[in-house]
Amino acid sequence: MDLEAIVGKVQNLSDLELATLLCLIAKQHCLIETEEDLVDDVAQELALIAVDVFNLSYAVLSLDDYESNEAFGSAILDQRSSHLGTLDESAKTGGNVHRLDNVATQAESQATSSDANLDTRKPVNVVIAKDFNFASEDIQIQALELIRLKHSFSRTTTDTAPEDFLFLPLVSRSSEGMRLNKHLIDRIFISHYHHPEDGFPNLEEIDAESHSDDHSSSSSVLRKTLPLQGAGQGGIRRFERAEIEKMRQLSQSTMVSAEVRRYLQDIVVFLRLERGVAGGVSPSATSQFELLTKCLGTLHGLEYATPSLVGLAARKIYPHRLLLCAPEKERSMQYGSDLEAVREAMEGLTPDDVIEAVLNSVEVPL
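Here full-length UniProt numbering is used: position 305 in the sequence shown is 305, and no number is missing along the way.
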């Protein structure tokens with residue numbers, strides 16, 4: 001499929017689907033924010049996106065899955081695969097195994113039985129971690145290792161994540177005081193806020209189909225159950241792995257001119273020096289800033305990056321990373337600024353406000 005056809009499919013995607021696609025292209029991960037009463041619905045929407053749009057397996061995690069490293073490690077495994085190895089019929093007898101040559105030993109039988117009890121499940125492609133900012137430090141570090149090394153460690157096993165792996169912490173904006181581990185935050189590619197007005201296209205589509213089949217109370221059922229693995233509907237929005245790989249290759253060759261690269265670097269510098277910023281503008285963020293700009297160029301059918309794409313990338317890369325300081329620790333206080341004036345200037349300041357102020361300050365190349 002050529003790029004023009006792929007771009008045509010991209011235009012039919014919802015914001016959540018587009019965020020997921022970007023992360024799959026970049027082989028990165030995404031923080032999803034929404035309102036507290038919508039967390040469950042967004043989790044189900046993401047599960048449907050994984051199945052229907054990208055044909056990937058998923059697991060939805062909740063607070064119970066963060067109680068221990070073992071619980072977390074088990075929750076991310078694909079429950080469709082067999083929990084136990086296939087037990088040979090002859091091993092079920094528990095005694096000597098009688099094969100055609102009658103030479104099998106008791107030791108062979110025990111070894112077969114031992115192999116049969118091995119857990120053969122593998123991690124899913126997409127992990128949707130609800131309220132992950134409430135997980136303990138140990139669990140968040142385990143998630144960090146899963147992101148960095150694609151390995152999940154427990155006392156008895158080491159599980160390897162699949163090539164197409166996506167970790168999606170899903171948090172409510174009302175719990176902003178409970179931040180994720182700073183190292184985990186820096187490893188998360190982009191953040192996306194799902195506004196209530198954006199709706200749930202995939203859930204609504206299933207609702208409509210259920211009503212057309214005269215199933216009563218379908219809405220309440222859909223809000224409590226998860227979509228079946230492998231039960232994707234396909235359709236015009238379905239992306240195959242080969243298409244994602246093609247977009248990944250194209251994004252790597254996206255040209256960033258000297259002027260656009262300078263614009264990108266100016267934004268980074270201005271963010272570090274902006275009023276109220278205490279941190280979060282890391283080297284890793286800068287690298288991912290350029291990577292996202294290139295990926296956005298591909299999704300727009302361009303072979304080069306534009307200043308407008310740089311601005312869009314900044315609005316996705318930095319909101320979850322930026323740390324704002326207290327007024328008394330604002331750097332201008334070192335040069336004699338009035339504390340009350342600083343407090344007034346910083347009142348209600350958010351990372352989004354900081355980013356917009358910087359984008360309005362930095363000169364845009366023509």
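Glycine is no exception: its CB is placed at the ideal position from the N, C-alpha and C atoms. Just so we're clear, the structure is a prediction, and the values are computed from it rather than from any experiment.
Residue closest to residue i, alpha-carbon to alpha-carbon, out of the options
i	options	result
V281	L339, V358 and Y193	V358
Q249	L18, V171 and L291	L291
S172	L271, V364, F189 and A129	A129
N12	G297, H320, R238 and K294	R238
A5	Y263, I244, Q28 and N181	I244
E44	L18, L170 and K329	Per the sequence shown, the amino acid found at residue 44 is Gln instead of Glu. Of the candidates L18, L170 and K329, the one whose C-alpha sits nearest the C-alpha of Q44 is L170.
V364	T306, Q142 and R331	T306
A285	S332, V362 and V268	V268
N181	D207, Q142, D198 and L299	Q142
D164	E137, D353, S152 and V124	V124
R148	R179, L168 and R187	R187
A278	S287, L349 and S251	L349
V260	K150, D198 and K294	K294
Distance between residue j and residue i (C-alpha atoms, nearest Å)
i	j	result
D131	Q334	38 Å
V310	Q140	30 Å
T157	G276	45 Å
D37	P196	10 Å
E204	A258	45 Å
D64	L16	25 Å
S191	P351	12 Å
D52	L46	10 Å
F200	A26	24 Å
T120	L77	9 Å
S14	S332	42 Å
A19	L299	11 Å
K122	E67	20 Å
Y193	F153	31 Å
Y304	D266	19 Å
S308	N360	12 Å
L184	L168	12 Å
F72	S62	10 Å
residue 369	R179	Beyond the ends of the chain as shown, which are 1 and 366, falls residue 369; an answer cannot be given.
A107	I206	Low local confidence applies: a pLDDT of 45 at A107 is under 50, so the model's placement there is unreliable, with the coordinate-based value given in what follows. Each residue's Cα considered, the two are about 53 Å apart.
F54	A326	43 Å
S74	A208	34 Å
Y58	A50	7 Å
R262	V362	11 Å
V42	L21	16 Å
E240	D2	13 Å
M247	Q79	30 Å
V10	V256	22 Å
L366	L264	14 Å
V39	A313	25 Å
S251	L48	26 Å
L151	V60	The amino acid at residue 151 is misidentified as Leu; the sequence shows His. Near 18 Å, if we compare the C-alpha coordinates of V60 and H151.
G8	P283	34 Å
Cβ separation of residue i and residue j, assumed to be a contact under 8 Å, to the nearest whole Å
i	j	result
L146	A161	6 Å
V127	L56	Rounded, the Cβ-Cβ distance is 11 Å, inconsistent with contact.
N133	S175	6 Å
C23	L166	6 Å
D159	N69	No, D159 and N69 are not in contact; Cβ-Cβ is about 12 Å, not under 8 Å.
Q28	F189	3 Å
G297	T254	4 Å
L323	V354	That belief does not hold up - the Cβ atoms of L323 and V354 are roughly 10 Å apart, past 8 Å.
E330	M346	7 Å
Distance cut-off 6 Å: residue i Cβ against heavy atoms of the ligand PLP
i	result
T293	The model depicted lacks the ligand PLP and carries no ligand whatsoever.
Bridge-paired residues (DSSP) for residue i
i	result
A135	Answer by DSSP bridge pairing: none, since A135 is not bridged.
S172	T34
V42	Bridge partners of V42: none, in fact.
I355	Answer is none; I355 lacks a bridge partner.
P123	L77
G301	Partner(s): none; G301 has no beta bridge.
L166	V126
V277	L324
T160	H151
Y263	Per DSSP, none; premise fails for Y263.
Under 8 Å, with one C-beta from each stretch per pair, do the segment 19 to 33 and the segment 256 to 273 reach the 3-pair mark? No, because fewer than three Cβ pairs between the segment 19 to 33 and the segment 256 to 273 fall closer than 8 Å, the two stretches do not touch.
For the pair the segment 339 to 346 and the segment 316 to 323, tell me if three or more CB-CB distances fall below 8 Å. Contact annotation: the segment 339 to 346 does not touch the segment 316 to 323, with fewer than three C-beta pairs closer than 8 Å.
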